[in-house]
Amino acid sequence: MKLLATAAGVLSALKLGKGPGAGSRNGRSYVFTSLTPIRAGREDDLVAYLGNLPMGRESPLARLPYVHLARWLVIDHLKTEWSGAPRDPTRLRSRYLLFTANVTAPEKGSYGKDLPGSLLRELAGEIPGDADAIWGNCVGYPGSASVEEFVAYLTKSQLDTLLFYVGYPNSTVEDVTRALAAQDRLLRFARRHQDEDDPARLQQAYLEESAAWL
Amino acid sequence: MVGAVNDSISSAPCGDVPYPPEVLDETLNRCGRARAMTVLTPVKPWYRLQGGTAWVRAVFLVARVKTQKPGDIQKLSFIHFARWGLIRRIPDLGQPEERLNQPLFMFESNYNGTFDEYIDAFAHILTKGMSLFWGSSYGFPTPRPVAPFKHYIHSNEYVAQHYYSAYPTATTTMITSALSLEASYADFRALAQTLSPEEFVRAYRKFLTEVQDKL
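Protein sequences appear in the order of chains U and F.
Position one of the first sequence corresponds to residue 1 (this note's numbering), numbered consecutively onward.
Position one of the second sequence corresponds to residue 1001 (this note's numbering), numbered consecutively onward.
Next up, the structure:
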């Protein structure tokens, strides 16, 4: 039985290892990582734009409902100032923009099957201004107006993934925020009613309030 | 009971909620309680111990099978998402041609806690795994003692210019606890509707006792 499970795991891993973005899936979760070259002389503008983006709810990424966590990061050179670094380190000729988004697709619909295209189409559709202001600093960027060219550009820049770990598999952002809110409401209910000595009132309050937790 | 969650859990701007002092720092690589780590290290050639991309791929093929079953990685309960990758070629989008003298091993993580706690836990729980994962990289000092390992990671780490979390006030433990509570609400609510008030009080106290470690 154990042998069969291991064999199934190996087959699954081999299957996941094929194609661009290989290994990027874990259940309904997906990690998209891209690396795009920054046009010469545009790095400062890009860094300034990214640094000035609002955080949290105001971040443009908050408009993408299936994105849990994401980052934009500029790689200006490969670091070599450490003990044991190779004698012939790589000197990059361009600077690069890294973009990584961790998403979980809903159970229904084709969003999960169409990843990463569905995520990239959402980027072009929901935050075209920010997408253009960011990737517009990159070599070969076609703009978000032509969605399919935008998708093709970022798909071409996608990096291979060997292993993707998910702390709470198959839970969408909506699942997580709903569960956290319900947990908080139960905690608040327990605190608010800890001195309630009328069983009927406590039961009625619980039944009324808990209806909204599910 | 611990772990109270702000009502505006999914909407609080990062840094705008009363976090504990250790996460008040407004530096980038952070969004509320979530932290980003991005590390790139050069991979040794195939003729050196644990070197070469084929070795790295073999290690991760096994790791991928192993992570499908409960194991050590599940003990790292402070990781939201983590990704390991191998860059053999930089994507060609029309920029001046790049030639990597060494392939690059890439690690990205989204976690909560401090950098020190994170690396300590990795070094002590996944000692063998870390040696296998990073053993292929130049200069890797082994996970223990942990100080050189931390220095190595820091030396090869990059800072995010923009980091986003959809639920910045939540830790991984809070999330997994909250998700595991969902079935309990439905079950207890169904039960509560069938009980007399006195029976309800007894059942309610029992219910709270059962779930208190998840609150």
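C-beta: ideal position from N, C-alpha, C; glycine also.
Length of the line joining the Cα atoms of Gly112 (chain U) and Val147 (chain U): In this structure, the straight-line span from the alpha carbon of Gly112 (chain U) to that of Val147 (chain U) is close to 18 Å.
Suppose you measure from the CA of Lys108 (chain U) to the CA of Val67 (chain U); what does that come to, to the nearest Å? Their Cα atoms are separated by approximately 16 Å.
Residues in its own chain within less than 8 Å of Ser1077 (chain F) by CB, not counting five upstream and five downstream? These residues qualify, in order along the chain: Thr1172, Thr1173, Thr1176.
Tell me the DSSP secondary structure of Asn52 (chain U) in three-state form. Reduced to three states, the DSSP call for Asn52 (chain U) is helix.
What are the residues in the region 1071 to 1102 of chain F lying within 7 Å of chain U by C-beta distance? Sequence-ordered contacts of the region 1071 to 1102 of chain F with chain U read Ile1073, Ile1079, His1080, Phe1081, Ala1082, Arg1083, Trp1084, Gly1085, Leu1086, Ile1087, Ile1090, Pro1091, Leu1093, Gly1094, Gln1095, Pro1096, Glu1098, Leu1100, Asn1101, Gln1102 [C-beta pairs closer than 7 Å].
Please report the residue range of the beta strand (DSSP E) in which Phe1188 (chain F) lies. First-last for Phe1188 (chain F): 1172 to 1192, but that is the alpha helix (DSSP H), not the beta strand (DSSP E).
Which of helix, strand or coil does DSSP assign to Ala85 (chain U)? Coil.
Assigned exposure category for Asn1101 (chain F) - 16 Cβ within 10 Å defines buried: Answer is exposed; the Cβ neighbour count stays below 16.
Rounded C-alpha distance that separates Lys156 (chain U) from Ala1178 (chain F): A direct Cα-to-Cα measurement between Lys156 (chain U) and Ala1178 (chain F) gives close to 38 Å.
For Tyr1138 (chain F) versus Ala85 (chain U), is the C-beta spacing smaller than 8 Å? Yes; because the gap between Cβ atoms is below 8 Å, this pair is in contact.
Less than 8 Å between the C-beta atoms of Val151 (chain U) and Pro65 (chain U), yes or no? Judged by beta-carbon spacing, Pro65 (chain U) lies beyond the 8 Å limit of Val151 (chain U), meaning their Cβ atoms are not closer than that value.
Going by the beta-carbon positions, is the gap between Leu50 (chain U) and Trp72 (chain U) smaller than 8 Å? Leu50 (chain U) places its beta carbon less than 8 Å from that of Trp72 (chain U).
Along the region 1181 to 1195 of chain F, where does the CB come closer than 7 Å to a CB of chain U? Name the residues. Contact annotation: in the region 1181 to 1195 of chain F, residues whose CB is within less than 7 Å of a CB in chain U are Leu1181, Glu1182, Tyr1185, Ala1186, Arg1189, Ala1192, Gln1193.
Classification of Ser1196 (chain F) by the beta-carbon crowding that lies within 10 angstroms, buried from 16 upward: Under a 10 Å Cβ-count criterion, Ser1196 (chain F) is classified as exposed, with fewer than 16 other Cβ atoms of the shown protein chains found around its own Cβ.
Own chain partners of Thr100 (chain U) with C-beta closer than 6 Å, once the 5 adjacent residues on each side are dropped: For Thr100 (chain U), same chain residues with a beta-carbon under 6 Å away, outside a window of 5 residues either side, are Thr33, Arg71 in chain order.
Assuming contact is defined by CB atoms lying nearer than 8 Å, are Cys1031 (chain F) and Gly167 (chain U) in contact in what I supplied? Not in contact: Cys1031 (chain F) and Gly167 (chain U) (Cβ atoms no closer than 8 Å).
Chain-ordered residues of the region 64 to 96 of chain U with a beta carbon less than 8 Å from chain F: If the cut-off is 8 Å between Cβ atoms, the region 64 to 96 of chain U has Val67, His68, Leu69, Ala70, Arg71, Trp72, Leu73, Val74, Ile75, Leu78, Lys79, Glu81, Trp82, Ser83, Gly84, Ala85, Pro86, Asp88, Pro89, Thr90, Leu92, Arg93, Ser94, Tyr96 near chain F.
Taking 8 Å as the CB-CB limit, is Phe1200 (chain F) close to chain U? The beta carbon of Phe1200 (chain F) falls within 8 Å of a beta carbon belonging to chain U, placing the residue at that interface.
Using CA coordinates, which residue listed in F:Leu1191, F:Pro1096, F:Pro1045, F:Ala1036 is at the minimum distance from Gly1135 (chain F)? Gly1135 (chain F) has its Cα closest to that of F:Pro1045, out of F:Leu1191, F:Pro1096, F:Pro1045, F:Ala1036.
Can you check which of these residues, F:Ala1036, F:Asn1112, F:Asp1116, is closest to Arg1083 (chain F) by C-alpha distance? For the residues F:Ala1036, F:Asn1112, F:Asp1116, the minimum Cα distance to Arg1083 (chain F) belongs to F:Ala1036.
Assuming contact is defined by CB atoms lying nearer than 8 Å, are Leu1040 (chain F) and Leu1104 (chain F) in contact in what I supplied? When the beta-carbon positions are compared, Leu1040 (chain F) and Leu1104 (chain F) come within less than 8 Å of each other.
Counting only Cβ pairs nearer than 7 Å, list the residues of chain F close to Asn137 (chain U). Result: empty, since nearest Cβ-Cβ is about 12 Å, beyond 7 Å.
Buried or exposed by the 16-neighbour rule on C-beta atoms within 10 Å, applied to Gln204 (chain U): Exposed is the call here.
Which parts of the region 88 to 135 of chain U are runs of the beta strand (DSSP E), unbroken and 3 residues or longer, counting only runs that do not cross its ends? As far as the region 88 to 135 of chain U is concerned, its whole beta strand (DSSP E) runs of at least 3 residues are 95 to 104.
Given a threshold of 16 other Cβ atoms within 10 Å of its Cβ, counted over all protein chains shown, does Val1159 (chain F) qualify as buried or as exposed? Classification of Val1159 (chain F): exposed, given that the 10 Å Cβ count is below 16.
Nonlocal neighbours in the same chain, by C-beta distance under 6 Å from Pro1148 (chain F), ignoring five residues either side: Spatial neighbours of Pro1148 (chain F) in its own chain (CB-CB distance under 6 Å, excluding positions within 5 residues in sequence) are listed in chain order as Pro1141.
In the structure shown, what three-state DSSP assignment does Pro1042 (chain F) receive? When secondary structure is reduced to three states using DSSP, Pro1042 (chain F) falls in the strand class.
Any beta-carbon of chain F closer than 8 Å to the one on Val147 (chain U)? No, Val147 (chain U) does not count as interfacial toward chain F.
Measuring only between beta-carbons, confirm whether Ser144 (chain U) sits less than 8 Å from chain F. Cβ-Cβ to chain F under 8 Å: no for Ser144 (chain U).
Would Asp195 (chain U) and Asn137 (chain U) qualify as a contact pair, given that the criterion is a beta-carbon distance under 8 Å? Using a Cβ distance threshold of 8 Å, Asp195 (chain U) and Asn137 (chain U) do not count as a contacting pair.
Output the boundary residues of the beta strand (DSSP E) element that contains His1080 (chain F). Here the beta strand (DSSP E) through His1080 (chain F) covers 1079 to 1087.
What does DSSP give as the partner residue(s) for Ser1155 (chain F) in the beta ladder? Answer is none; Ser1155 (chain F) lacks a bridge partner.
Look up Tyr1110 (chain F) in the DSSP assignment and give the residues it is bridged to. Reading the sequence as shown, one finds Asn at residue 1110 (chain F) and not Tyr. BP columns for Asn1110 (chain F) point to F:Ala1036, F:Phe1081.
Rounded separation between Tyr30 (chain U) and Arg1189 (chain F) - CA only: If you take the alpha carbons of Tyr30 (chain U) and Arg1189 (chain F), they lie about 34 Å apart.
Shorter than 8 Å from the beta carbon of Ile1153 (chain F) to some beta carbon of chain U? No, because no Cβ of chain U sits closer than 8 Å to the Cβ of Ile1153 (chain F).
Determine the DSSP secondary structure at Thr1209 (chain F), reduced to helix, strand or coil. Shown here, Thr1209 (chain F) sits in a helix according to DSSP, grouped into three states.
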